[in-house]
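Quick note: the sequence shown uses the numbering used here, first residue 17, plus one each step.
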Amino acid sequence: MSILWPLQGVSHCCRKLQKRQKLYSKVKSIYNKLCIHPPLDSSMSLKDKVVIVTGSSKGIGFEIAKEFSENKDAHVVVCSRSLEQSVTAAKKIKGSTLALEVDVTDQSSVNRFIEKVIEKFNKINVLVNNSGYPYNETIWNKPFHEGTIDELLKIIDVDLVGAVRLSRAVIPHMLKYKVSHSKQNNFGNEKRLSSDEQGNDIYESGMFSLDNSEEIDRINSGGVIITISSTPAISGRTGGFPYTIAKAGNISLTKCIAKEYGNSNIRAYSLALGNIATKATYEAISQEVRIEAAQEAPMKRWGKPEEVAKVAACLADDNFSFATGNTIVIDGGTVLL
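Okay, structure coming up:
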């Protein structure tokens, strides 16, 4: 037996090891580029984030602002067309709030509003487009052919174009926002032995410590835009066509943002609401209509504004980091997708 045989065997094994390590290095490189790891404690992912909730001086908007501030430790911008009402609402919320006024139908008002938010916090992480044209029973119950174009345009200007104005104003700031982290996710121990002729590192084992600071930067960059829609935008409705058309536009707006800015880690969602018991709706109708509306849903009741707020906060959380463009129906099971 040749005395060189053991050495030849060792050489052969080394070449195989080098090939495996080259493959491993390529896989690791691809893995580093493609994998995005969520924060280790996503339950705190909204802490100190800046959240704008339009139309938040009362109703659903107020409950959303309260949820983000009191239960998620976010900095919340409470705003409406009336500064006085915004201040009154903000005082009722525990935590960090900023009361401002904004008219979503006026671009100059929107611009001034965003400037004040940036001046105070230097960033915007979450936008909730909640402003809506006041509930009008006459418009809501009008047949399509009796509704007017003026009514349609007024409602669209608030519910749809207003959401467009705010979204366009905050997106440039969401694109700029980036936080540096140095935390690592440890997957095991690695020991670099040497480099091959191509410059690829050779490791002792396949376990390694992945420095994912770049990926965490991406998680903390971008933002979330949530727009309030309504179930008639999905299922249709007899009467109230201006509201239905405007709310259907909100869903399309969400899809546009999700598709165009997903690569920049900007997520977008719509909340299609059913019968939610706010003063603007529940107290504006008769007891008979309230009971009839409650029976529409399999749950046989009206929803609560705070239930909508909980969903909005969950969507903004990093637990939903790989979901975007979705329409979440909150109506007790009446409309099923």
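Heads up, the beta-carbon is just placed ideally off N, CA and C, and yes, glycines get one too. These figures come from a predicted structure and were not determined experimentally.
Considering only the alpha carbon of each residue, which of the options lies closest to residue i?
i, options, result
"PHE399", "ALA328, ASP347 and VAL186", "Any question about residue 399 goes unanswered here, given that the chain covers just 17 to 353."
"ASN127", "LYS170, ARG184 and SER61", "ARG184"
"ALA90", "GLY252, PRO248 and SER61", "SER61"
"ALA354", "ILE261, CYS330, GLY252 and ALA310", "Lying outside 17 to 353, the shown extent of the chain, residue 354 is not represented and no answer is given."
"GLU322", "PHE78, SER73 and VAL69", "PHE78"
"LEU114", "LEU169, VAL120 and PHE129", "PHE129"
"SER237", "LEU191, ASP64, ARG97 and ARG181", "LEU191"
"GLY178", "ASP64, GLU86, ASP119 and ILE282", "ASP119"
"GLY71", "LEU176, GLY111 and SER147", "SER147"
"THR254", "PHE160, ILE76 and ILE172", "PHE160"
"ILE292", "LYS65, VAL69, ILE76 and ASP64", "ILE76"
"ILE171", "ARG181, LYS65, PRO258 and HIS189", "PRO258"
"ASP64", "SER98, LEU353, GLY111 and LYS132", "GLY111"
For the putative contact between residue i and residue j, defined by C-beta atoms under 8 angstroms, what is the C-beta separation to the nearest angstrom?
i, j, result
"ASN157", "GLY256", "7 angstroms"
"ASN145", "VAL67", "Between VAL67 and ASN145 the Cβ distance is about 12 angstroms, and since that is not below 8 angstroms, they are no contact."
"ALA274", "THR340", "4 angstroms"
"ALA105", "VAL92", "10 angstroms between Cβ atoms; not a contact."
"LEU287", "ILE241", "LEU287 to ILE241, Cβ: 12 angstroms. No contact."
"GLU117", "ALA300", "That belief does not hold up - the Cβ atoms of GLU117 and ALA300 are roughly 25 angstroms apart, past 8 angstroms."
"ILE261", "LEU168", "7 angstroms"
"THR243", "THR270", "6 angstroms"
Check residue i in the structure and name its three-state DSSP category.
i, result
"SER96", "strand"
"SER125", "helix"
"THR104", "helix"
"ILE109", "coil"
"SER85", "helix"
"GLY77", "helix"
"GLU117", "strand"
"GLU206", "Residue placement at GLU206 cannot be trusted, given a pLDDT of 45 that sits under 50; the coordinates are not used to answer."
"VAL327", "helix"
"SER251", "helix"
"ALA339", "coil"
Does the ligand MG have even one heavy atom less than 7 angstroms from the beta-carbon of residue i?
i, result
"VAL67", "For the structure depicted, the ligand MG is absent and the ligand set is empty, with no information on it obtainable."
*Report the residue ranges of all beta strand (DSSP E) runs contained in full by the segment 129-195; include only those spanning at least 3 residues, in chain order.*
142-145
*Complete beta strand (DSSP E) runs within the segment 255-305 (minimum length 3 residues, chain order)*: The segment 255-305 contains these whole beta strand (DSSP E) runs: 282-289.
*Say whether the segment 157-173 touches the segment 238-252, bearing in mind that this needs 3 or more beta-carbon pairs closer than 8 angstroms, one atom from each stretch.*
no
*Taking 8 angstroms as the threshold, find out whether the segment 262-279 comes into contact with the segment 299-319 through three or more Cβ pairs.*
no
*Below 8 angstroms, can you find three or more Cβ-Cβ pairs linking the segment 250-269 to the segment 302-312?*
no
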